[in-house]
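A.B. asks: Mind having a look at this structure? Questions to follow.
Protein chains: 2
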Amino acid sequence: MEKIRVFLADDHKLFRDGIRSLLSASNEFEIVGEASDGLQLVNNISKVDPDIIITDISMPGLNGIEAIKQILAEKKDLKVLILSMYDNEDYVLDSIRAGAKGYLPKDVPAEELCLALKTIAGGKEYFNSSISDIVVKSIVQQARVQSGRSVKLQSLTDREMEIVKLIAEGLLSKEIADKRSISIHTVDTHKTNIMQKLKLKSSVDIVKYAIRHDLIKL
Amino acid sequence: MEKIRVFLADDHKLFRDGIRSLLSASNEFEIVGEASDGLQLVNNISKVDPDIIITDISMPGLNGIEAIKQILAEKKDLKVLILSMYDNEDYVLDSIRAGAKGYLPKDVPAEELCLALKTIAGGKEYFNSSISDIVVKSIVQQARVQSGRSVKLQSLTDREMEIVKLIAEGLLSKEIADKRSISIHTVDTHKTNIMQKLKLKSSVDIVKYAIRHDLIKL
DNA sequence: AGAAGATTAAGGAATTTACGTAATCAGAGT
DNA sequence: ACTCTGATTACGTAAATTCCTTAATCTTCT
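Structure representation (structure tokens):
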């Protein structure tokens with residue numbers, strides 16, 4: 001019987017060591033490579049050609065979701081299981097959109113990780129029940145949005161994203177205006193549009209959004 | 001030879017399973033109990049009487065630092081190793097003040113965890129070199145502060161802490177004032193004092209402070 | 001009673017927010 | 001070449017909030 005070849009990406013060595021120890025105990029898996037950030041993941045994946053990638057989302061530099069987007073653009077059939085501390089809707093949905101075949105929160109027991117790996121390696125998808133709930137909830141909400149006036153959850157433009165980052169870093173509107181050599185009015189307009197698009201109501205919400213989406217490091 | 005009896009607290013089951021697998025491989029350790037939050041840690045520790053506690057800081061409800069403060073108030077000689085994702089100065093210093101005998105970031109290899117456990121179980125302390133640097137840096141800074149005018153890093157009062165949480169949750173000053181039935185001016189004063197004490201310059205910084213210190217969940 | 005710290009509050013200047021409006025420019029489609 | 005769309009830029013103004021200083025109470029400890 002062939003072992004399932006796993007590539008493991010997480011920024012905590014101790015966590016990787018733990019998972020390695022866990023998986024090697026079962027004899028059905030083999031860890032063929034590791035990465036401690038998104039860039040390493042993208043660069044090293046081709047060398048070892050694994051059956052499945054396990055990756056965290058929040059990692060320094062390139063995050064897990066961006067990394068697998070790049071990887072799947074090359075190798076469309078590679079299987080990916082996201083293993084994240086957080087189960088917020090955006091992470092889950094972004095992961096699915098990026099092409100992940102599964103999503104597990106880190107508070108599941110080891111057995112469930114093994115089950116998920118085998119399920120995905122076998123060609124199916126695996127989503128933990130708490131994750132499925134989140135997906136369902138978001139679909140319900142989308143339906144509601146579409147039946148009402150079309151608010152459409154637009155994504156931010158590059159410039160808006162940049163402004164979000166600067167706000168979250170703690171810069172005041174005036175400082176942002178100076179730094180980017182644009183009028184404070186412009187910064188203001190962007191801010192207004194950002195909050196409208198994301199349905200946020202203050203700078204505080206913008207910071208939290210930025211942190212959740214890994215736009216800034218804490 | 002007696003095994004070292006370890007109690008393990010971390011809110012991620014998968015992480016605990018990993019560490020358990022890792023430690024059981026070496027045969028020198030025995031995990032005698034687990035907890036997934038601070039309250040469980042405090043409540044279950046007396047039942048199993050371990051040699052050493054390994055705990056994360058950020059956990060739901062009661063965090064790791066508060067939990068070990070309570071535990072050490074009862075059993076003063078119990079050994080504690082903090083295992084945290086973050087290596088910010090406040091966490092490290094608060095841990096030491098609370099009585100932890102060691103502090104490791106989660107990106108160390110498994111071998112270092114074993115070494116730290118053995119060192120601490122043997123009655124010494126263990127601080128990773130990156131952690132020691134942080135401690136040294138803070139002492140240098142303290143010396144500098146004392147030589148200048150005494151700014152003393154005052155801690156927040158209960159009321160101020162409460163305001164920090166509410167701000168970080170996204171409430172506007174007016175909403176906070178209504179909620180607590182005090183004048184908006186008062187909220188404002190607290191905010192000013194908070195920022196002065198913590199050397200922050202905007203609400204944005206307050207949110208980041210709150211998140212770092214686990215005052216709110218993201 | 002007196003001192004120290006915590007909590008409350010006000011007033012005014014500076015800044016930000018909310019909202020409407022709109023010029024300019026680059027790229028995509030016909 | 002022309003038009004449409006979306007992105008970026010910008011202004012104005014009323015309402016609200018923040019920043020900062022000052023200070024009245026209230027509690028607690030000695």
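Going line by line, the protein sequences match chains A and B. Our numbering puts the first sequence at residues 1 to 218. Our numbering puts the second sequence at residues 1 to 218. Ideal placement from N, C-alpha and C gives every residue a C-beta, glycine not left out.
1) Tell me which residues of the segment 8 to 22 of chain A have at least one Cβ-Cβ distance to chain B shorter than 7 Å, keeping chain order.
2) Could you name the residues of the same chain whose beta carbon sits closer than 8 Å to that of L14(B), not counting the 5 residues immediately before and after it, in chain order?
3) What would DSSP say about E160(B), mapped onto helix, strand or coil?
4) Which residue marks the beginning of the alpha helix (DSSP H) containing K199(A), and which one marks its end?
5) If you reduce the DSSP assignment to three classes, tell me which class I84(A) lands in.
6) Could you check if D49(A) is buried or exposed, using at least 16 other CB atoms within 10 Å of its CB as the buried criterion?
7) Work out the CA separation of D188(A) and I223(A) for me, nearest whole Å.
8) Measuring alpha carbon to alpha carbon, tell me which of M161(A), L117(A) and S130(A) ends up nearest S26(A).
9) Let's test the definition: count the other Cβ atoms within 10 Å of the Cβ of G123(B) and tell me whether it reaches 16, buried, or not, exposed.
10) Closest to K191(B) by CA distance: which of H213(B), G99(B) and A168(B) is it?
11) Classify A143(A) as buried or exposed, calling it buried when 16 or more other Cβ atoms lie within 10 Å of its own Cβ.
12) Please confirm if Y86(A) has its CB atom under 9 Å from at least one CB of chain B.
13) Would DSSP call I206(B) helix, strand or coil?
14) Compare the beta carbon distance of P109(B) and D17(A) with 9 Å and say whether it is the shorter of the two.
15) Rounded to the nearest angstrom, what separates S47(B) and C114(B) at their Cα positions?
16) Alpha carbon to alpha carbon, how far is S95(A) from L41(B)?
17) Quick one: which chain B residues come within Cβ less than 7 Å of R212(A)?
18) Considering only residues of the same chain and omitting the five flanking positions on each side of L218(B), which have a CB-CB separation below 8 Å?
19) Could you give the C-beta distance for K101(B) and K79(B), rounded to a whole number, given that I count them as a contact under 8 Å?
20) Tell me which residues of the segment 165 to 182 of chain B have at least one Cβ-Cβ distance to chain A shorter than 9 Å, keeping chain order.
21) So which residues of chain A does V239(B) contact, with C-beta pairs closer than 8 Å?
22) Could you pull the DSSP bridge partners for K79(B) from this structure?
23) By the 10 Å Cβ neighbour count, where 16 or more other Cβ atoms means buried, how is K208(A) classified, buried or exposed?
24) Just to make sure I have the definition right: I need the residues of chain A whose C-beta is within less than 7 Å of the C-beta of A110(B). Which are they?
25) Use the C-beta contact count for E111(A): other C-beta atoms within 10 angstroms, 16 or more gives buried, fewer gives exposed.
26) Under a Cβ-count criterion, where at least 16 other Cβ atoms within 10 Å of its own Cβ denotes burial, should T55(B) be classed as buried or exposed?
27) Would you say L215(A) and K165(A) are within 9 Å of each other, going by their C-beta atoms?
28) Is G33(A) helix, strand or coil by DSSP?
29) Put L8(B) into one of helix, strand or coil per three-state DSSP.
30) Would you please state the rounded distance, in angstroms, between the beta carbons of E30(A) and K3(A)? I believe it to be under 8 Å.
31) Counting only runs that start and end within the segment 107 to 137 of chain A, where is the alpha helix (DSSP H) found for 4 or more residues in a row?
32) On the criterion of 16 or more Cβ atoms from any shown chain inside 10 Å, does K201(A) qualify as buried, or is it exposed?
33) For I65(B) and A73(A), I'd like the C-alpha separation in whole angstroms.
34) Based on the DSSP secondary-structure assignment, which residues constitute the bridge partners of L104(A)?
35) Can you give me the C-alpha to C-alpha distance between R159(B) and V204(A), rounded to a whole angstrom?
36) Please compile the residues from chain B whose C-beta is within a distance smaller than 8 Å of the C-beta of D107(A).
C.D. replies: Working from what's here:
1) Residues are counted here when their Cβ sits less than 7 Å from a Cβ of chain B; for the segment 8 to 22 of chain A these are D11, H12, K13, L14, F15, D17, G18, I19, S21 and L22, given in chain order.
2) Closer than 8 Å at the Cβ level, and outside the excluded window around L14(B), lies no residue.
3) Correct three-state label for E160(B): helix.
4) It is not in any alpha helix (DSSP H) - K199(A) carries neither H nor E in the DSSP assignment.
5) Here residue 84(A) turns out to be Ser, not Ile, going by the sequence shown. DSSP places S84(A) in strand when its eight states are reduced to three.
6) That one is exposed.
7) Summary: the structure shown does not reach residue 223(A), with chain A confined to residues 1 through 218, and so no result is reported for it.
8) For S26(A), the closest of M161(A), L117(A) and S130(A) by C-alpha to C-alpha distance is L117(A).
9) By the neighbour-count rule (16 or more Cβ atoms within 10 Å), G123(B) is not buried but exposed.
10) Of the candidates H213(B), G99(B) and A168(B), A168(B) places its Cα closest to the Cα of K191(B).
11) Note on A143(A): pLDDT 48, under 50, position unreliable in the model; no value is reported.
12) Taking Cβ atoms only, chain B reaches closer than 9 Å to Y86(A), which makes this a yes.
13) I206(B) falls in the helix class under three-state DSSP.
14) The answer is yes: Cβ separation under 9 Å.
15) Residue 47(B) is actually Lys in this sequence, not Ser. Looking at the two C-alpha atoms, the distance is approximately 24 Å.
16) Distance between the alpha carbons of S95(A) and L41(B) is about 33 Å.
17) Identification of chain B residues near R212(A) by a Cβ-Cβ cut-off of 7 Å yields L218, ordered along the chain.
18) Correct list, in chain order: I211.
19) Yes, they are in contact, since the Cβ atoms of K101(B) and K79(B) sit about 5 Å apart, within 8 Å.
20) Legend: CB atoms of the segment 165 to 182 of chain B lying less than 9 Å from CB atoms of chain A belong to residues I167, A168, E169, G170, L171 and L172.
21) This structure gives no information on residue 239(B), because the portion of chain B shown stretches from 1 to 218.
22) Partner(s): I52(B).
23) K208(A) is buried by the Cβ-count criterion.
24) Going along chain A in sequence order, the residues near A110(B) (Cβ under 7 Å) are L14 and D17.
25) Per the 10 Å Cβ criterion, exposed.
26) Within 10 angstroms of the beta-carbon of T55(B) lie 16 or more other beta-carbons, which makes it buried.
27) It is a contact, given that the beta carbons lie within the stated cut-off.
28) The answer is strand: DSSP assigns G33(A) an E or B state.
29) DSSP places L8(B) in the strand class (E or B) of the three-state scheme.
30) Beta-carbon to beta-carbon, E30(A) and K3(A) are separated by about 4 Å, close enough to satisfy the 8 Å threshold.
31) Complete alpha helix (DSSP H) runs here, min 4: 110 to 121.
32) Residue burial annotation: K201(A) is exposed, with fewer than 16 other C-beta atoms found within 10 angstroms of its C-beta.
33) Distance from the CA atom of I65(B) to the CA atom of A73(A), rounded to whole angstroms, is 44 Å.
34) In DSSP, L104(A) forms a bridge with L83(A).
35) Rounded to whole angstroms, R159(B) to V204(A) spans 20 Å at the Cα level.
36) D107(A) reaches chain B at D11, H12, K13, L14 and S36, counting residues in chain order whose Cβ is nearer than 8 Å.
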